[in-house]
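Numbering (this note's numbering), first residue to last: 32 to 522.
Below: the structure, in structure tokens.
Laid out in structure tokens, this is it:
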């Protein structure tokens, strides 16, 4: 583990032409202090977590100190927001500080969110608040713990700087860590401004740094292969979202990572009561980004990206890449859901088993996470008589009894031992998710200067499939008020 001064810094993105972004110096936050640091992300960077408690670390990442080696740049991109193209986007409150190179040659972007005004701030103030910073900090930890590809967050820092939203809040900074911050919108920007040579340069940059195996592909096929890779990564990510019950909330193309990372957490939500039409974003009046719309929106966004890449890729290659999306997503989703039920064999009748299960969950608004976690503890020979274990989740167990009987009969076709099935299910069905009300409780405590709940959730979410008996209350059914929390784009 290394100190800050021992880390190796670089910024390959800042070496690209000026059209890719603007050099900006972070604006200082007043009286900064550490809220929380994620030791898992310290490990990724090979950084000693004790460093995060130092005055130097706090001042560095709140704009109060300059580190040699960083070359901050606000990235320029555009994108489709709620289906409409917006040319006036970019890092309006964020800065790509640079990259940390690990001893094994791994490159990690270091990005500040809430670092002040940039040329792309539009009417904003360039700041982030403690509330939204904690939401992203915990969400990225939750997704990582669930095994879903995501950006990370090293730490949350806050200050006495007032920031005006619906009320006066504390200014904060999130230190985001990712393999790359390239979005679909970076390519859209260069396409719509007719910078086609720069478009090729960015594609070459992506391939060199993140898909180096494609360098041996002939150039006539290389960019088509790149698009196919992005399609595959996106399909896998969204299949993972759907299986775990995660709704992103704002799947604009500027929030889509070319590496298939869950990116830009705002009004996200994990499903409580199962509702396929769940809308987590209070600002999404039309339901464009509802939970059950995410697979189709993923494809819509890929079409937008493919159009932006059309100067580099011919139509047959584009069609081939896009046509692979649905089969890839369905394949991954099928694997995920079969793991959740502990099914190693694949039978034709399974489709009806899943259909009946989803109808049952929807008709009684059953808690999605707790249903699967409860099911993961029931041995096969007890399934037909296990309805009492599910009573807290169901108002009427008649339909459940029939389904459990059918599920038990289906397990007769399995060749693996029942203990193996239950073990697989425990590894596929988390006990803990980041419910909105838990995030809200952590935020409210933090706003009063108490960061214990943030760190407790961080601990649980790092290994959400484990029991954590000392934090059992985080796995409780949510209170009614917790299901009714409204989260919007400003969150």
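For each residue, glycine too, the CB sits at the ideal point set by N, CA and C.
In the same chain as residue 273, and ignoring 5 residues on each side of it, the C-beta atoms closer than 7 Å to its own belong to 325, 326 and 364, in chain order.
For residue 40, no alpha helix (DSSP H) encloses it; the enclosing beta strand (DSSP E) starts and ends at 39 to 41. Runs of the beta strand (DSSP E) lying entirely within the segment 114 to 162, each at least 3 residues long, are 115 to 117, 125 to 132 and 138 to 144 in chain order. By the neighbour-count definition (other C-beta atoms within 10 Å, threshold 16), residue 204 is a buried residue.
Residue 501 and residue 455 have their C-alpha atoms some 24 Å from each other. Remark: C-beta atoms of residue 186 and residue 83 approach each other more closely than 7 Å. Taking the Cα positions, residue 85 is about 11 Å away from residue 92. Here residue 68 has 80, 83, 185 and 186 as same chain residues with Cβ atoms under 7 Å from its own Cβ, once five neighbours each way along the sequence are excluded. Taken in chain order, the unbroken stretches of alpha helix (DSSP H) that lie wholly in the segment 287 to 340 and span 4 residues or more are 325 to 339. Restricting attention to 37, 111, 100 and 98, the CA atom closest to the CA of residue 336 is found in 111.
Taking one beta carbon from each stretch, the segment 144 to 153 and the segment 51 to 59 have 3 or more pairs nearer than 8 Å; the two touch. Contact check for residue 268 and residue 179: beta-carbon distance about 7 Å, within the 8 Å limit, so the pair qualifies. Taking a contact to require three or more Cβ pairs closer than 8 Å, the segment 386 to 396 and the segment 469 to 481 do not qualify as touching.
About 13 Å separates the CB atoms of residue 462 and residue 493; that is not less than 8 Å, and the two are not in contact.
Between the segment 280 to 288 and the segment 209 to 222 there are three or more inter-stretch CB-CB distances shorter than 8 Å, so the stretches are counted as touching. The continuous alpha helix (DSSP H) containing residue 383 extends over residues 381 to 394. Distance from residue 201 to residue 190 at the Cβ level is roughly 6 Å; contact confirmed, criterion being Cβ atoms closer than 8 Å. Judged by their CB atoms, residue 175 and residue 181 are nearer to each other than the 7 Å cut-off.
Assignment of residue 282 by DSSP, reduced to helix, strand and coil, places it in the coil class.
About 6 Å separates the beta carbon of residue 296 from that of residue 166, a gap short enough to meet the 8 Å contact definition.
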